[in-house]
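Take any residue in the sequence shown, note its place counting from 1, add 2, and you have its number in the working numbering. Don't be surprised by glycine CBs; every beta carbon is placed ideally from N, CA and C. All remarks here apply to the structure that follows.
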Amino acid sequence: MATTLLLICIAATASSREGRFPEPAEPLDAAGRRDAALARLPQRYHAAVQASPARAAAETASAMGLTARTEPALADIDHGEWQGLSFAQIEASDPGQLGRWLAEPAQGAPAGETLDQVRTRIGAWMDRVAGSDAPTCAITHPMTIRAAISHALELPLRAALAIDVAPLSCTVLSFNRSWRLQSLGLAVRGVPG
C-alpha cells in the first residue's frame with residue numbers, strides 16, 4: 003500500500019514578496035488570496051487536509067475551498083528574534099549574520115528554531131502519515147517543505163536550502179517502504195486527479 007503526501011506551499015504574503023521573515027499571525031496579501039481562490043485540487047485530496055497553525059495556512063486552505071485540520075508539526079520554522087524583520091534590517095543590525103545563517107543551516111536565527119529541529123518535527127509527522135491508504139494534503143511553509151524533502155530523501159540540510167519553493171507550489175511524496183519524491187514545484191492546478 004502506497005501513501006501519497008501532497009505538500010502545498012502557502013499562498014503569498016507581504017513578507018514573501020518583500021523579503022522579510024514572517025510572523026505566525028501574518029495574513030495572505032490580496033494577490034495571495036486571489037491566487038489561492040483560483041487554485042483547485044482534485045477531489046481525492048480533499049478528505050485529509052491538514053494545515054500549519056499559521057494564519058496564512060488557514061487562509062490558503064479556506065480560499066482554496068478546503069476544510070483543514072490544524073497540525074502543529076506543519077508550523078513554519080520559528081525565526082525567533084528575526085520574526086517580522088526584513089533581510090535588510092537584519093543585515094544592517096549585524097552585517098554578515100544573515101549570510102552566516104544561510105551558509106550554516108545547523109544554526110537557527112537568534113532564539114529561534116534550527117532547520118534540523120524542523121526536519122525532526124516534520125519527519126516524525128511524515129512517519130505517522132506513512133502507511134495511510136488515503137492521500138494526505140498538507141498546507142505549510144517553504145522551510146517546512148524543504149525539511150520534509152530532506153527527511154524523505156535523506157538530503158543534507160545545506161542541499162535542501164538550495165530548493166526553491168514558490169507560493170502555491172506542490173511537492174508530491176509517496177511512501178512504499180521508503181519515501182520517494184514524485185514531483186517538485188508542480189502548480190496546484192497541475193496535480194493529477
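| query | result |
| --- | --- |
| Check whether the Cβ atoms of L30 and C139 sit closer than 8 Å, and answer yes or no. | no |
| Start and end of the beta strand (DSSP E) containing A140? | 138 to 142 |
| Evaluate the contact criterion for the region 78 to 92 versus the region 8 to 24: three or more CB pairs, one atom per stretch, below 8 Å. | yes |
| Among T142, W181, A161, E156, which one has its Cα closest to the Cα of C172? | T142 |
| Any contact of the region 116 to 126 with the region 50 to 61, i.e. 3+ C-beta pairs under 8 Å? | no |
| Nearest to L9 by CA position, among R160, A164, M145, P158, is which residue? | M145 |
| May I ask which residues mark the beginning and end of the alpha helix (DSSP H) holding G40? | For the record, residue 40 in the displayed sequence is Leu; it is not Gly. Looking at the DSSP string, the run of the alpha helix (DSSP H) that includes L40 is 32 to 40. |
| Give me the Cβ distance between P169 and S18, rounded to the nearest whole Å; I'm assuming they're in contact under 8 Å. | 6 Å |
| Checking 8 Å against the spacing of the C-beta atoms, do S176 and A162 come in under that value? | no |
| Any beta-carbon of chain C closer than 8 Å to the one on L186? | Given the protein chain composition of this structure (a single chain), no chain C is represented. |
| Any idea which residues DSSP pairs R182 with across the strands? | S176 |
| E93 and L100 - do their beta-carbons sit closer together than 8 Å? | yes |
| Provide the residue(s) that pair with A53 in DSSP beta bridges, ordered along the chain. | T72, I141 |
| For L183 and A154, what's the separation of their Cα atoms in angstroms? | 8 Å |
| So is G133 buried or exposed if we call it buried at 16+ other beta carbons inside 10 Å? | exposed |
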